[in-house]
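Peer 1: Before I ask anything, here is the structure I am working with.
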Amino acid sequence: MTSDTLLLQLLEDMPTAALLVTLERRILYANPAAEKLLQQTDSELCDKILPLQLTEDALLGNTGQLELPNGKQLPVRHFNVPTVWHGNTVRMVHLEDVSAVQGLQQQLSDLVNYDGLTGLPNRGLLEDRLKQAFSFGQRNKGVLAVVFFDLDGFKPINDTLGHELGDRLLKQVVERLRSYIRPSDTLARLGGDEFVLILPDLSHIGDAAAVTERMLQSVAEPFELDSNELHISASAGIATTELYDEDPLQLIRQADMAMFEAKRRGRNQYQWFDQSLDTRTVKSLKIRNALQSGIEQKQFELHYQPQFDLHNNDVVGVESLVRWNHPTMGMISPAEFIQIAENTGEIVRLGRWILRRACKDFVQLKQQMPNKATVSVNISAIQLLRHEFVDEVAQALRESGLDARHLVLEMTESVLVEYPQLISEKLAKLNQLGVKLALDDFGTGYSSLSYLKDLPVSWVKIDRSFITELTHDSRDAAITEGIISMAHHLQLEVMAEGVETTAQRDYLRRSGCDAMQGFLMAKPMPKPQLDKFLSQYQASISTDEPSSEATVMIVDDEENVNKSLRRLLMRDGYHILTANSANEAFDLLAQHNVDVVISDHRMPQMQGVEFLTHVRSMYPNTQRIVLTAYQDEEALARALNEGEVFRFLTKPWDDETIRQSVRAALQG
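Residues 4 to 671 (the numbering used here) are what the sequence shown spells out, left to right.
This is the structure:
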């Protein structure tokens, strides 16, 4: 047997692909394994040039690509050795299919660089892309922006409906976000519900805001999953650079800080980073890091703010308000730590402690209050939507021995807006326990009144933002009166928050509001101080009979005018009130039944006609007279024609004309 025959037989029997090629790489022979690998016969391969670079030191192997008849590229590892074929020096080339290995390498690369759920770049690849974009920006002097997104309201959905549905929701969110980015942009997932967007080579920083706003609007649209209409939103922070004089990764941190500022300001919006956020963020990070140990080390305490019946001033309940007395940072306001507790999930443990502590404390406190008195506990959406929350409430009642009718759970109406379908069953179960439910900050959450009609709510609490200017602003007064009237028609009781003046209290009382709380009557206080307050407090309310005299109020910033008109009108037996400004007059109007107002037109705070326009809106039965030395004929004529004033008189006045005008106003 010749050496050529022996070589051929060896090649035929080899399980691996082998070729014999000339030194110019022209194929002379292909064994059966090579025919199978390359999907061509020996005769089809012969005389073709092998498109691989062959080197004498290729014993360790090189890689290359071979084109198959179907047009696909086959990645191969090859090595060659010299041999003799028919008396000529040739090379024997061995081929190995490495597509599977390369596939594994690609999978490994994907695992290292991409998020397994969404397919987006992960933190590692994000940082690499950001450094590339930063270098590109340094050369081309474009604007580089980083946007940090965090979903609002995702955690309760994930906890309540399960992680499988939560994962599907995240994928849909990513689909919407992707639709707004350019090929050169990078959208990455950091983990959970946090995403970062790199926007390189922008012509103007405003372009980043435009893209971000469109993305936020897209996320805020309802999602449909398994017949559930899910409502979430997102908060975003934007950091930009045009100078390229800092660490590019610092942009992520800055955008993160700006995102938290967006959440602090109400969510579903974006905020720009500025240096003032640094100090605030450092404190927020300290609070976030100390929160868990603060709960474990019992650094929290409850203060209680009494609530009063507006009809007889009796204490009808208390609201529990959590305070954090940190050993080094001092007393930390709830405004600083509650949202952080919600974002980190620590609100669940903290809320559970608040509920149990409040129930136990009130068992002792209620002995000094009327039989129907209640303790109110604020509940976050994250607590309310947890499966075990109703059981936790029942357990707190059992452990404390408190009757369920004495417990009021307060929630903001935004909970109803975000989770209308998820919340109804939970509230029904709480109602079955006998617990009362209250809507806090009513009027600020844009909820549908149908929720209020259908849900088992007992109390509506008017937000303090409507009470602050209640006696001075006819719009706040109209909203407040509208809430009271609507709630009463729905058989609900109404409590006003943030009452700080007697004028506010008296206006609310005359408007039919049921109860109030605020600094006017009592500030929040720890339990020992509240015990003392309750033991010493005696409800008192004016029992003076209303005067049978008509009441006339004179409003003028000149004291001599007030005194002269007071002396003049007292002759006719009227009860006279005087005010030097519109604000002072508003307070008097809230506290007294005023029949006629005589107002100067030119006053520092507010023109007389404008003041009387508010009076007409808030006190339609009070007649209005303008007394002025200035002939603003157009304004006065319009006020007369539109019924804002009954009459206008001029200074200096005629005494008899003044007296006749007041008598005519009283006669209507």
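For every residue, glycine included, the Cβ atom is placed at its ideal position computed from N, Cα and C.
Suppose you measure from the CA of G501 to the CA of E216; what does that come to, to the nearest Å?
Peer 2: Indexing the sequence shown from 1 puts residue 501 at position 498. Indexing the sequence shown from 1 puts residue 216 at position 213. If I take the Cα positions, the gap works out to 35 Å.
Peer 1: Taking the alpha carbon of R512 as the point to measure from, which residue in Q541, Q539, T474 has its own alpha carbon closest?
Peer 2: Here residue 512 refers to the residue found at position 509 when the sequence shown is read from its first residue. Here the closest residue by C-alpha is T474.
Peer 1: Would you report the Cα separation of L172 and F152, rounded to the nearest angstrom?
Peer 2: Numbered from 1 along the sequence shown, position 169 holds the residue referred to as residue 172. Numbered from 1 along the sequence shown, position 149 holds the residue referred to as residue 152. Approximately 15 Å between the Cα atoms of the pair.
Peer 1: If you measure between the beta carbons of I486 and F445, is that distance less than 9 Å?
Peer 2: As a first step, residue 486 must be located in the sequence shown, where it is residue number 483. As a first step, residue 445 must be located in the sequence shown, where it is residue number 442. Yes, the Cβ-Cβ distance between I486 and F445 is below 9 Å.
Peer 1: Given this structure, state the Cα-to-Cα distance separating I341 from I557, to the nearest angstrom.
Peer 2: The residue given as residue 341 occupies position 338 in the sequence shown. The residue given as residue 557 occupies position 554 in the sequence shown. About 48 Å.
Peer 1: Restricting to Cα atoms, I'd like to know which of D598, D406, D229 is closest to A667.
Peer 2: Within the sequence shown, residue 667 is the residue found at index 664, counting from 1. Nearest C-alpha to A667: D598.
Peer 1: In terms of residues, what are the limits of the beta strand (DSSP E) holding Y32?
Peer 2: Locating residue 32 in the sequence shown gives position 29, where the first residue counts as 1. Per DSSP, Y32 belongs to the beta strand (DSSP E) from 30-33.
Peer 1: Counting pairs of beta carbons, one from the stretch 204-213 and one from the stretch 114-128, are three or more of them closer than 8 Å?
Peer 2: Not touching, per the Cβ criterion.
Peer 1: Buried or exposed: where does H390 fall if 16 or more other Cβ atoms within 10 Å of its Cβ makes it buried?
Peer 2: Numbered from its first residue, the sequence shown carries residue 390 at position 387. That one is exposed.
Peer 1: Please name the residue or residues paired with N23 in a DSSP beta bridge.
Peer 2: Here residue 23 is taken as the residue at index 20 of the sequence shown, counted from 1. Reading off the sequence, residue 23 comes out as Leu, not Asn. In the DSSP output, where bridge partners are listed per residue, L23 has Y32, M95.
Peer 1: Check whether the stretch 488-508 and the stretch 531-538 are in contact - that is, three or more C-beta pairs closer than 8 Å.
Peer 2: Not touching, per the Cβ criterion.
Peer 1: For D188 versus N143, is the C-beta spacing smaller than 9 Å?
Peer 2: Counting from 1 along the sequence shown, the entry for residue 188 is found at position 185. Counting from 1 along the sequence shown, the entry for residue 143 is found at position 140. Their beta carbons are not under 9 Å apart, which means D188 does not touch N143 by this criterion.
Peer 1: If you measure between the beta carbons of I730 and L305, is that distance less than 9 Å?
Peer 2: Within the shown structure, residues of the chain are numbered from 4 to 671, placing residue 730 beyond reach of any answer.
Peer 1: Drop a sphere of 10 angstroms on the beta-carbon of D658, count the other beta-carbons inside from all chains shown, and report buried for 16 or more, exposed for fewer.
Peer 2: By one-based count along the sequence shown, residue 658 stands at place 655. It counts as exposed.
Peer 1: With the cut-off set at 9 Å, would you say N586 and D560 are in Cβ contact?
Peer 2: Looking up residue 586 in the sequence shown gives position 583. Looking up residue 560 in the sequence shown gives position 557. Cβ atoms of N586 and D560: not closer than 9 Å.
Peer 1: Among M621, W327, P54, A499, which residue has its Cα nearest to the Cα of F589?
Peer 2: Numbered from its first residue, the sequence shown carries residue 589 at position 586. Among M621, W327, P54, A499, the Cα nearest to that of F589 belongs to M621.
Peer 1: Three-state secondary structure (DSSP) at D547?
Peer 2: As a position in the sequence shown, residue 547 is number 544, starting the count at 1. Model confidence at D547 stands at a pLDDT of 47, short of 50, so the residue's coordinates are unreliable; what they give is reported in the following sentence. Note: D547 maps to coil in three-state DSSP.
Peer 1: Are the stretch 130-147 and the stretch 235-247 touching, with three or more C-beta to C-beta distances below 8 Å?
Peer 2: At 8 Å Cβ cutoff, the stretches touch.
Peer 1: Name the DSSP bridge partner or partners of L41?
Peer 2: As a position in the sequence shown, residue 41 is number 38, starting the count at 1. Looking at the DSSP assignment, L41 forms no beta bridge with any residue, so it has no partner.
Peer 1: From the DSSP secondary-structure annotation, give me the bridge partner or partners of L440.
Peer 2: Here the question's residue 440 lines up with position 437 in the sequence shown. In DSSP, L440 forms a bridge with L412.
Peer 1: Taking the beta carbon of K174 as the centre, do at least 16 other beta carbons fall within 10 Å, making it buried, or is it exposed?
Peer 2: Here residue 174 is taken as the residue at index 171 of the sequence shown, counted from 1. It is exposed - the Cβ of K174 has fewer than 16 other Cβ atoms within 10 Å.
Peer 1: Does the structure place the stretch 145-165 close enough to the stretch 358-372 that three or more beta carbon pairs sit under 8 Å?
Peer 2: No, they do not touch.
Peer 1: Could you compute how far the alpha carbon of E416 sits from the alpha carbon of H578?
Peer 2: As a position in the sequence shown, residue 416 is number 413, starting the count at 1. As a position in the sequence shown, residue 578 is number 575, starting the count at 1. In a straight line, the C-alpha of E416 is about 45 Å away from that of H578.
Peer 1: Apart from the five residues on each side of it in sequence, which residues of its chain come closer than 8 Å, Cβ to Cβ, to P607?
Peer 2: Translated into the one-based positions of the sequence shown, residue 607 becomes position 604. Closer than 8 Å at the Cβ level, and outside the excluded window around P607, lie D560, S584.
Peer 1: Suppose you measure from the CA of L180 to the CA of L233; what does that come to, to the nearest Å?
Peer 2: To locate residue 180, count along the sequence shown from 1; it is residue 177. To locate residue 233, count along the sequence shown from 1; it is residue 230. Going from the Cα of L180 to the Cα of L233 covers about 17 Å.
Peer 1: Let me know the alpha helix (DSSP H) ranges lying completely inside the stretch 232-277, each 4 residues or longer, listed in chain order.
Peer 2: 253-267, all fully within the stretch 232-277.
Peer 1: Please confirm whether N65 and L53 have their CB atoms less than 9 Å apart.
Peer 2: Within the sequence shown, numbered from 1, the residue matching residue 65 stands at position 62. Within the sequence shown, numbered from 1, the residue matching residue 53 stands at position 50. For N65 and L53, no; Cβs fall outside 9 Å.
Peer 1: With distances taken between CB atoms, is the gap from N34 to L22 smaller than 9 Å?
Peer 2: As a first step, residue 34 is located in the sequence shown; it is residue number 31 there, counting from the start. As a first step, residue 22 is located in the sequence shown; it is residue number 19 there, counting from the start. For N34 and L22, yes; Cβs fall inside 9 Å.
Peer 1: Quick one: which unbroken alpha helix (DSSP H) runs of 4-plus residues sit fully inside the stretch 561-609? Chain order, please.
Peer 2: As far as the stretch 561-609 is concerned, its whole alpha helix (DSSP H) runs of at least 4 residues are 562-573, 585-594.
Peer 1: Identify the continuous alpha helix (DSSP H) that holds H617 and give its terminal residues.
Peer 2: Locating residue 617 in the sequence shown gives position 614, where the first residue counts as 1. 611-621 is the span of the alpha helix (DSSP H), which, as asked, contains H617.
Peer 1: Taking only three categories from DSSP, how would you classify S182?
Peer 2: By 1-based counting over the sequence shown, the position of residue 182 is 179. Three-state result, S182: coil.
Peer 1: When we look at the beta-carbon of S287 and count the other beta-carbons within 10 Å, is it buried (16 or more) or exposed?
Peer 2: The residue given as residue 287 occupies position 284 in the sequence shown. The residue is buried, with at least 16 neighbouring Cβ atoms inside 10 Å.
Peer 1: Are the stretch 161-170 and the stretch 268-282 touching by the rule of at least three beta carbon pairs closer than 8 Å?
Peer 2: With a cut-off of 8 Å, the stretch 268-282 and the stretch 161-170 do not count as touching, because too few Cβ pairs lie within range.
Peer 1: Could you tell me whether the Cβ atoms of A265 and A242 are closer together than 9 Å?
Peer 2: Mapped onto the sequence shown, residue 265 falls at position 262. Mapped onto the sequence shown, residue 242 falls at position 239. No, these two residues do not count as a Cβ contact at 9 Å.
Peer 1: If contacts are defined as beta-carbon pairs under 8 Å, then R569 and T581 qualify, I think. What distance do you get, rounded to the angstrom?
Peer 2: Looking up residue 569 in the sequence shown gives position 566. Looking up residue 581 in the sequence shown gives position 578. That pair is a contact at about 6 Å.
Peer 1: Rank V438, L368, Q310 by C-alpha distance to the C-alpha of R401 and give the top, closest one.
Peer 2: Locating residue 401 in the sequence shown gives position 398, counting from the first residue. The shortest C-alpha separation from R401 is found at V438.
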